[in-house]
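Remarks on the structure that follows.
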Amino acid sequence: MILSCGLVREGLVFPVDIDIDDKKTVGHLKEIIAAKLSKRLKRNLIDVRLFLAKTAKEDETMGEDAKVRSDWLPDDETLDAVLQSRDVSSYMEMRSSWKLAKPSLFGPNMSLGEDVIHVLVVVPEPDPLIVEQPIMAHQNLERAAKRQKVEEAPDIWMAALQEERVDTLPLDREGLQAHLERKLLVKIPITPRLSQLVTLHDTARKCSDIISKLFEPCEAFSVETGSIVGAVVKPITSGSESATEDTYHHLWDSLIATVLRQVSSGNFRRNSNASTSIRLYRPDICFYCANQNVCVFRGEEKSSGEMEVPLKELYEKLIWRYDDAPYVFGYAAVGFQVCLVAIRKDSTTSRGAKAEVINHYDLSELKGRLSFLLALLNMLTLFRPVVELIQPFSTPDYGIIRRSNGVSICFAEDGVIKEYPSNMPSREIINNLKKLHAQMKEHSVPNVVTLVKANLKKRHVLLSPIGIAAPPSDVKQLVTVLRDILTALVALHKLKLMHRDLRWENVLKYRQDHDQWFLIDFDEGASAPTTLGAMHLDPMSHAPEIASSHSVKVDIWGVGYLLRTATVPNQPHQLDAIREQCLQKSPSKRPTAASLLKAVQKLMVTLA
Numbered sequence: 014m015i016l017s018c019g020l021v022r023e024g025l026v027f028p029v030d031i032d033i034d035d036k037k038t039v040g041h042l043k044e045i046i047a048a049k050l051s052k053r054l055k056r057n058l059i060d061v062r063l064f065l066a067k068t069a070k071e072d073e074t075m076g077e078d079a080k081v082r083s084d085w086l087p088d089d090e091t092l093d094a095v096l097q098s099r100d101v102s103s104y105m106e107m108r109s110s111w112k113l114a115k116p117s118l119f120g121p122n123m124s125l126g127e128d129v130i131h132v133l134v135v136v137p138e139p140d141p142l143i144v145e146q147p148i149m150a151h152q153n154l155e156r157a158a159k160r161q162k163v164e165e166a167p168d169i170w171m172a173a174l175q176e177e178r179v180d181t182l183p184l185d186r187e188g189l190q191a192h193l194e195r196k197l198l199v200k201i202p203i204t205p206r207l208s209q210l211v212t213l214h215d216t217a218r219k220c221s222d223i224i225s226k227l228f229e230p231c232e233a234f235s236v237e238t239g240s241i242v243g244a245v246v247k248p249i250t251s252g253s254e255s256a257t258e259d260t261y262h263h264l265w266d267s268l269i270a271t272v273l274r275q276v277s278s279g280n281f282r283r284n285s286n287a288s289t290s291i292r293l294y295r296p297d298i299c300f301y302c303a304n305q306n307v308c309v310f311r312g313e314e315k316s317s318g319e320m321e322v323p324l325k326e327l328y329e330k331l332i333w334r335y336d337d338a339p340y341v342f343g344y345a346a347v348g349f350q351v352c353l354v355a356i357r358k359d360s361t362t363s364r365g366a367k368a369e370v371i372n373h374y375d376l377s378e379l380k381g382r383l384s385f386l387l388a389l390l391n392m393l394t395l396f397r398p399v400v401e402l403i404q405p406f407s408t409p410d411y412g413i414i415r416r417s418n419g420v421s422i423c424f425a426e427d428g429v430i431k432e433y434p435s436n437m438p439s440r441e442i443i444n445n446l447k448k449l450h451a452q453m454k455e456h457s458v459p460n461v462v463t464l465v466k467a468n469l470k471k472r473h474v475l476l477s478p479i480g481i482a483a484p485p486s487d488v489k490q491l492v493t494v495l496r497d498i499l500t501a502l503v504a505l506h507k508l509k510l511m512h513r514d515l516r517w518e519n520v521l522k523y524r525q526d527h528d529q530w531f532l533i534d535f536d537e538g539a540s541a542p543t544t545l546g547a548m549h550l551d552p553m554s555h556a557p558e559i560a561s562s563h564s565v566k567v568d569i570w571g572v573g574y575l576l577r578t579a580t581v582p583n584q585p586h587q588l589d590a591i592r593e594q595c596l597q598k599s600p601s602k603r604p605t606a607a608s609l610l611k612a613v614q615k616l617m618v619t620l621a
């Protein structure tokens with residue numbers, strides 16, 4: 014959505030492009046506008062005030078029964094008068110915690126109109142207590158040149174954090190505390206003006222030691238650095254006794270997620286509770302380092318209550334699958350109170366993990382926010398060495414995959430949510446899945462995914478376990494995959510059931526066992542034989558008879574297709590022979606799953 018904004022006192026009109034969803038607040042819009050104006054005005058803006066540019070008028074078409082309606086401020090002489098008079102008292106100021114999508118602001122049914130202004134922006138006057146020292150004209154030019162150089166160059170302190178290499182990870186709590194409390198190797202540049210602002214807010218004079226670890230004097234800094242420091246020194250907060258979790262989102266995001274996103278090459282995802290009806294656990298925040306799929310830093314947040322609640326959520330709902338890493342990281346937040354946490358492997362718990370609090374911080378105080386910034390930046394240097402100890406994930410921790418047919422796959426701790434679009438026959442698909450999985454469960458079919466729960470109304474199913482998309486890389490692994498898939502097919506075909514969609518996308522490796530695979534995606538599964546052809550399946554990757562009457566022999570052709578599309582080099586002649594047998598055009602000439610399993614088991618003996 015593109016909003017037209019008018020800058021009071023300056024007479025400037027400019028657009029702002031923002032994606033409005035049910036999580037975005039006015040605080041997010043303030044952050045975007047402040048960053049945009051900082052570049053235009055050559056000032057490091059910490060905050061702006063926003064007013065909804067709507068005026069109330071009587072609807073003259075209603076006659077005596079006139080009703081009050083609201084119109085956007087037209088971009089004409091009326092706007093010029095408002096911008097010049099600097100009087101915005103007749104317009105509603107928008108508070109930081111308000112949702113942008115609320116009906117009275119920019120909800121889905123709101124018409125934005127044409128040639129109008131949506132937001133009036135007021136930039137606070139410079140603090141009169143902060144006065145720059147007078148300088149000569151040539152000094153002015155020199156300082157401007159330095160400032161331009163700083164603003165155009167990348168932030169050196171950010172680059173230093175990204176490039177720092179920690180060779181030995183601290184293992185205990187004391188070691189982690191020491192690492193998080195150390196001074197930055199390359200400190201954040203801070204101008205004299207901003208330094209004075211920090212001093213003004215440090216009324217109790219408690220921050221001098223932390224300031225010396227974080228900052229160093231500089232003539233100028235970039236807009237990005239200014240926005241980070243500004244959010245810490247003078248955050249936009251809306252805490253109160255009646256505050257909800259959404260009220261604090263802007264505070265948490267500006268001090269945590271946004272800092273990590275700007276300073277590192279990673280990205281974060283804020284999750285919703287859309288799937289709580291099926292008890293799908295997803296942390297409130299997931300941060301992914303660089304291009305990795307591992308959630309190396311996660312957060313649980315509450316507006317009020319005991320800190321123990323989000324702390325427990327960090328580890329009680331987590332299944333440890335991070336291999337030889339000594340820990341991953343997280344934070345627990347209750348309002349202004351935040352704990353940084355190391356989440357460690359613990360075999361004595363049901364989920365195999367425990368949370369260890371490294372330090373506690375009070376974000377309502379400047380000292381707490383500065384200490385937290387220092388700790389977070391130092392913690393960032395540990396993300397990469399931790400991730401390097403973890404086997405790469407083929408899909409993002411708690412991520413979402415959207416397939417070309419509209420089906421979405423959502424990953425949680427110990428299961429996968431598969432949701433079908435409204436244009437698919439979801440009721441028919443789900444009922445068929447329930448029938449197939451009930452039979453497989455009753456007869457203990459091995460090496461297949463399990464249906465945990467189904468919801469016809471919401472068009473989704475919960476499946477378990479989560480596997481790893483890891484096609485075989487050598488002959489031994491390829492033969493092992495064939496053994497596991499054929500073992501499943503022998504049991505399925507005995508029940509006169511067929512999978513019908515054997516492709517590498519539907520073969521996953523168990524996470525707990527590095528040498529065992531299983532079948533997923535029984536959406537095309539059916540009883541055999543059938544006279545109903547599956548006309549929608551691609552004839553290039555399925556048996557020739559799939560579009561007409563067919564039997565379990567379509568799965569045997571699928572085994573041949575797996576061998577044909579495997580990227581394993583130097584396959585032995587025995588596998589070449591198996592592939593050719595399976596890909597016979599006539600189903601009657603293809604072997605059975607049982608005979609193939611025997612041949613594969615014999616081959617495994619020769620490869621041992």
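The numbering of the sequence shown is our numbering, which starts it at 14 and goes up by one. Ideal Cβ positions, reconstructed from N, Cα and C, are used throughout, including at glycine. As the structure is a computational prediction, the values presented were derived from the model and not from experiment.
Coil, strand or helix - residue i by DSSP
i	result
R311	strand
C423	strand
L432	The amino acid occupying residue 432 in the given sequence is Glu; Leu does not appear at that position. Correct three-state label for E432: strand.
R274	helix
V474	strand
T38	strand
R592	helix
T6	This structure does not reach residue 6, given that the chain is present from 14 up to 621, and the question cannot be answered.
R603	coil
P552	coil
L682	This structure cannot speak to residue 682, because the chain is shown only from 14 to 621.
A366	strand
F234	coil
E455	helix
A467	strand
A501	helix
F406	coil
W623	The structure shown does not extend to residue 623, since the chain is modelled only from 14 to 621, so the question has no answer here.
F396	helix
Cα-Cα separation between residue i and residue j, rounded to whole angstroms
i	j	result
T216	D375	16 angstroms
H456	I443	20 angstroms
I559	V572	15 angstroms
Y433	T463	18 angstroms
H214	C220	10 angstroms
S277	P600	56 angstroms
L125	H131	8 angstroms
G188	Y340	13 angstroms
I6	L476	No statement about residue 6 is possible, as the shown extent of the chain runs from 14 to 621 and does not include it.
S554	E441	24 angstroms
C299	A270	9 angstroms
E326	R22	49 angstroms
A345	L616	53 angstroms
D93	L54	20 angstroms
Neighbourhood of residue i by C-beta, 8 angstroms cutoff - its chain only, sequence neighbours within 5 removed
i	result
N460	D497, I498, T500, A501, Q529, W530, F531 and L532
L446	L464, A467, V474, F535, D536 and G538
Q584	V488, L491 and L576
V163	Confidence in V163 is poor, its pLDDT being 47 and thus under 50, which makes the residue's placement too unreliable to answer from.
Beta-bridge partners of residue i, as assigned by DSSP
i	result
C18	F27 and V132
L532	V461 and V520
I356	V341 and A368
Y374	V351
L510	S540
H214	In the DSSP output, where bridge partners are listed per residue, H214 has none listed.
Closer than 9 angstroms to chain C by CB, residue i
i	result
W517	The question asks about chain C, but that chain is absent: this structure has only one protein chain.
Chain-order list of residues whose beta-carbon lies under 6 angstroms from that of residue i (same chain, five-residue window excluded)
i	result
L20	V134
A483	K522
L495	V613
Residues of its chain near residue i, where Cβ-Cβ distance is below 7 angstroms and the 5 sequence neighbours each way are ignored
i	result
L505	V458, M511 and H512
E369	R186, V354, A355 and R357
R295	N284, Y411 and A425
Flag this pair as touching only if the region 498 to 512 and the region 544 to 552 have three or more C-beta atom pairs under 8 angstroms; answer yes or no. Because the criterion of three Cβ pairs below 8 angstroms is not met, the region 498 to 512 and the region 544 to 552 do not touch.
Spell out a yes or no on whether the region 527 to 534 and the region 562 to 572 are touching, meaning 3 or more CB-CB pairs, one atom from each, closer than 8 angstroms. No: fewer than three Cβ pairs fall under 8 angstroms.
Count the CB pairs spanning the region 383 to 402 and the region 316 to 328 that are closer than 8 angstroms, and state whether there are at least three. Counting Cβ pairs under 8 angstroms, fewer than three are found: no touch.
Three or more C-beta pairs under 8 angstroms: does that hold for the region 171 to 190 against the region 391 to 401? Contact between the region 171 to 190 and the region 391 to 401 is present: 3 or more CB-CB pairs across the two stretches fall below 8 angstroms.
Does the count of Cβ pairs from the region 195 to 205 and the region 223 to 242 closer than 8 angstroms reach three? In short, these stretches touch, since the Cβ pair count reaches three.
contact_flag[the region 350 to 370, the region 329 to 338] where n(CB pairs < 8 angstroms) is 3 or more: Touching, yes.
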